[in-house]
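Undergrad: Residue numbers (my numbering): 1 to 151. Handing you this structure, nothing more for now.
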């Protein structure tokens with residue numbers, strides 16, 4: 001049997017990034033459905049691993065120059081379409097809509113098979129290590145936009 005290379009950080013795709021995660025007991029509430037706040041965890045993992053796959057190390061950005069660079073969620077809109085259940089295998093998709101100036105806009109989806117469970121629009125503020133707005137360097141903006149097509 002030939003093993004495929006596998007990354008726990010997911011993979012870059014022609015539309016952005018794909019991460020696969022299983023729903024565990026700890027993710028559910030008393031009804032056996034995923035608790036609504038847990039979807040934020042899945043979305044965050046998708047965004048973090050998207051950066052990792054792009055070669056962007058957040059830990060290094062904060063001390064990359066005298067100003068530092070940090071990403072923070074400024075605004076998030078979430079549409080809950082259908083619930084996930086324990087043992088479901090979820091696919092978290094992340095796509096860059098905009099990257100430039102002092103913000104990025106990411107679109108995310110959580111799917112179970114072909115079924116759309118969650119769609120989210122995440123506005124990321126780019127700030128310096130002191131919490132002040134900072135422009136996203138053009139080379140970094142280009143990384144986010146390269147190969148990113150609408151979901």
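The C-beta atom is built at its ideal place from N, Cα and C for all residues, glycine as well.
Count the other CB atoms within 10 Å of the CB of residue 139; is the residue buried (16 or more) or exposed (fewer)?
TA: Exposed, by the Cβ-count rule.
Undergrad: Assess, as a yes-or-no matter, whether the segment 25-32 is touched by the segment 118-131 under the definition of 3 or more beta carbon pairs within less than 8 Å.
TA: Touching, no.
Undergrad: From the DSSP output, which residues share a beta bridge with residue 124?
TA: Looking at the DSSP assignment, residue 124 forms a beta bridge with 73 and 104.
Undergrad: Taking the C-alpha atoms as reference points, what is the distance between residue 54 and residue 105?
TA: Distance between the alpha carbons of residue 54 and residue 105: 16 Å.
Undergrad: Using the C-alpha atoms, what's the distance from residue 51 back to residue 112?
TA: Their Cα atoms are separated by approximately 23 Å.
Undergrad: Report the rounded CA-to-CA distance for residue 18 versus residue 126, giving the unit in angstroms.
TA: Whole-angstrom Cα-Cα distance: 23 Å.
Undergrad: So the alpha helix (DSSP H) residue 57 belongs to, where does it begin and stop?
TA: Per DSSP, residue 57 belongs to no alpha helix (DSSP H) and is neither H nor E.
Undergrad: Could you check the C-alpha separation between residue 22 and residue 87 for me, to the nearest Å?
TA: Taking the straight line from one Cα to the other gives about 6 Å.
Undergrad: What is the rounded straight-line gap between the Cα of residue 117 and the Cα of residue 94?
TA: Between residue 117 and residue 94, the C-alpha separation is close to 14 Å.
Undergrad: Are the beta-carbon atoms belonging to residue 134 and residue 69 less than 8 Å from one another?
TA: In this structure, residue 69 lies closer than 8 Å to residue 134 by Cβ.
Undergrad: What residues are listed by DSSP as bridge partners for residue 115?
TA: Looking at the DSSP assignment, residue 115 forms a beta bridge with 112.
Undergrad: Less than 8 Å between the beta carbons of residue 36 and residue 80, yes or no?
TA: In contact: residue 36 and residue 80 (Cβ atoms closer than 8 Å).
Undergrad: Determine the extent of the alpha helix (DSSP H) in which residue 43 is found, giving its start and end residues.
TA: First-last of the alpha helix (DSSP H) with residue 43: 38-53.
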